[in-house]
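K.L.:
As you go down the protein sequences, you meet chains A and B in turn. Take any residue in the first sequence, note its place counting from 1, add 1, and you have its number in this note's numbering. Take any residue in the second sequence, note its place counting from 1, add 1, and you have its number in this note's numbering. A virtual CB, placed ideally from N, CA and C, is assigned to each residue, including glycine. As the structure is a prediction and not an experimental result, all values here were calculated from the model.
There are 2 protein chains.
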Amino acid sequence: MSAAENQQLKEVLREHELKATTQRIALLKLLDATNEHFDAEEIYLELRKKQKNVSRATVYRSLESLAELDLVTRLDFGDGRMRFERNKDEDEHHDHLICEECGKVIEFFNLEMEAQQLSVCEENDFTPSTHTMHIFGTCSDCKKTS
Amino acid sequence: MSAAENQQLKEVLREHELKATTQRIALLKLLDATNEHFDAEEIYLELRKKQKNVSRATVYRSLESLAELDLVTRLDFGDGRMRFERNKDEDEHHDHLICEECGKVIEFFNLEMEAQQLSVCEENDFTPSTHTMHIFGTCSDCKKTS
DNA sequence: TACGCAAGTGCAAATAAGTCTCATTTAGAT
DNA sequence: ATCTAAATGAGACTTATTTGCACTTGCGTA
Ligand SMILES: [Mn+2]
Ligand SMILES: [Mn+2]
Ligand SMILES: [Zn+2]
Ligand SMILES: [Zn+2]
């Protein structure tokens, strides 16, 4: 299974004209396997834990390449470091609710909101490429606690 | 007029229990007078230009205090530095379109979008405090050019 | 399968935004 | 005019990310 998965990831990389290095494969595998929104340092430490040879520089460089090719998405939750999530091609674009107390991230998709975005862009003769829709606040768990 | 304006800004600061220092007054005056979305360094340089005595540390510290009191809003356009705009109390909350080519910022407010945000929060039993709704893309001017 | 070399990597030094320490100044109360 | 807590300036420090460069390694080719 790991062999097959590796092979599949190699192909993904090659399709996008990136050399299928062990580091990139390990990184993609990690992001594929999680629902977290990791930052670069967390990714670096996770890969290290698994006896992988990687440097921070390579983590940053790989994430940049992968983001350019839309294989991962770069997220900015406003806390001073970028986070990353894999773009699993099956699923759609989504936005985020972020709990300011515990850091939990809830994903959502709201068609009406997306439609309104397009209409705002039209009104302003603006051609959108991406957007950021992050709602910060307190999640249900943290509400109970406080 | 500058005297009257100074006096008014002093009162604003005192109402919020902040000492009305020359630095804070100058900073507020600067933000009041512009529609730009300046970052800390730009604010620092602008104040310096006007022969004001300010340090970067004070700019950062003042912006922090003012943001806490909702006199200014801190904006993160995802380019690695925070930007700030004055909360002119007359006007409402607004969101932003950001041109990735020329940096132009267009402000907008869409009631339906705001309503959808609340409904998403309700669905997830999430209590919102703030949000980020930034649409990146190409403005009409830059479309013509390219 | 062996070879060649551009692409990729590791390390450490360099940036860059923002924060902090501490000695000095100042707003505003008395 | 005096006093003191709050604010400031200068520069050292922190943290996330980038970069230069010598050293690998993937992978197309012979
Ligand atoms: Mn997500
Ligand atoms: Mn604005
Ligand atoms: Zn929470
Ligand atoms: Zn533009």
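Closer than 7 Å to a non-hydrogen atom of ligand 3 - does that hold for the CB of Lys105(B)?
P.N.:
Taking the second sequence and counting its residues from 1, the one referred to as residue 105(B) is at position 104. The answer is no for Lys105(B).
K.L.:
Determine the direct distance from the alpha carbon of Arg15(A) to that of Met83(B), and round the result to whole angstroms.
P.N.:
For the purposes of this step, residue 83(B) is taken as the residue at position 82 of the second sequence. For the purposes of this step, residue 15(A) is taken as the residue at position 14 of the first sequence. C-alpha separation (whole angstroms): 37 Å.
K.L.:
Between the Cα of Phe85(B) and the Cα atoms of Glu93(B), Ser63(B), Glu113(B) and Phe127(B), which residue gives the shortest distance?
P.N.:
Stepping through the second sequence from its first residue, residue 85(B) is reached at position 84. If we check each option's Cα against that of Phe85(B), Ser63(B) comes out closest.
K.L.:
To which residues of the same chain is Arg49(B) closer than 8 Å at the C-beta, ignoring the five residues directly before and after it?
P.N.:
For the purposes of this step, residue 49(B) is taken as residue 48 along the second sequence, with counting starting at 1. Only Val55 meet the Cβ criterion.
K.L.:
Leaving out five residues on either side along the sequence, give the residues of the same chain with a beta carbon under 7 Å from the beta carbon of Phe109(A).
P.N.:
Here residue 109(A) is taken as the residue at index 108 of the first sequence, counted from 1. For Phe109(A), where only same-chain residues beyond five positions count, the Cβ hits under 7 Å are His95, Asp96 and Leu98.
K.L.:
Which same chain residues end up closer than 8 Å to Glu47(A) when comparing Cβ atoms and leaving out the 5 residues on each side of it in sequence?
P.N.:
By 1-based counting over the first sequence, the position of residue 47(A) is 46. Cβ within range, chain order: Leu31 and Phe39.
K.L.:
Using a beta-carbon distance below 8 Å, is Ala21(B) in contact with chain A?
P.N.:
Reading the second sequence from its first residue, position 20 is the one you call residue 21(B). Closer than 8 Å: no.
K.L.:
So, helix, strand or coil for Arg82(A), using DSSP?
P.N.:
Stepping through the first sequence from its first residue, residue 82(A) is reached at position 81. Coil at Arg82(A), not helix or strand.
K.L.:
Tell me the rounded alpha-carbon separation between Lys53(B) and Gln24(B).
P.N.:
Taking the first residue of the second sequence as 1, we reach residue 53(B) at position 52. Taking the first residue of the second sequence as 1, we reach residue 24(B) at position 23. Near 8 Å, if we compare the C-alpha coordinates of Gln24(B) and Lys53(B).
K.L.:
Got a list of residues with beta-carbon closer than 6 Å to any non-hydrogen atom of ligand 1, in chain order?
P.N.:
Those residues are His38(A), Glu86(A), His95(A), His97(A) and Glu108(A), given in chain order.
K.L.:
Any idea if Arg87(B) is buried or exposed, counting beta-carbon neighbours within 10 angstroms, 16 or more meaning buried?
P.N.:
Within the second sequence, the letter at position 86 stands for residue 87(B). Buried, since its Cβ has 16 or more Cβ neighbours within 10 Å.
K.L.:
Going by C-alpha distance, which of His135(A), Glu69(A) and Glu93(A) is nearest Lys105(A)?
P.N.:
Taking the first residue of the first sequence as 1, we reach residue 105(A) at position 104. The shortest Cα separation from Lys105(A) among His135(A), Glu69(A) and Glu93(A) belongs to His135(A).
K.L.:
May I have the straight-line CA-CA distance separating Thr59(A) from Ala21(A), to the nearest angstrom?
P.N.:
Position 58 of the first sequence, counted from the first residue, corresponds to residue 59(A). Position 20 of the first sequence, counted from the first residue, corresponds to residue 21(A). Thr59(A) and Ala21(A): Cα-Cα distance of roughly 13 Å.
K.L.:
By how many angstroms is the C-alpha of Asp33(A) removed from the C-alpha of Cys100(A)?
P.N.:
Along the first sequence, one-based indexing puts residue 100(A) at 99. Along the first sequence, one-based indexing puts residue 33(A) at 32. Taking the straight line from one Cα to the other gives about 23 Å.
K.L.:
Across which residues does DSSP place Phe109(B) in a beta bridge pair?
P.N.:
Here residue 109(B) refers to the residue found at position 108 when the second sequence is read from its first residue. Answer is Asp96(B).
K.L.:
Listing by chain order, which chain A residues have their CB less than 8 Å from the CB of Ser147(B)?
P.N.:
Reading the second sequence from its first residue, position 146 is the one you call residue 147(B). What Ser147(B) touches in chain A: nothing, since even the nearest Cβ is about 10 Å away.
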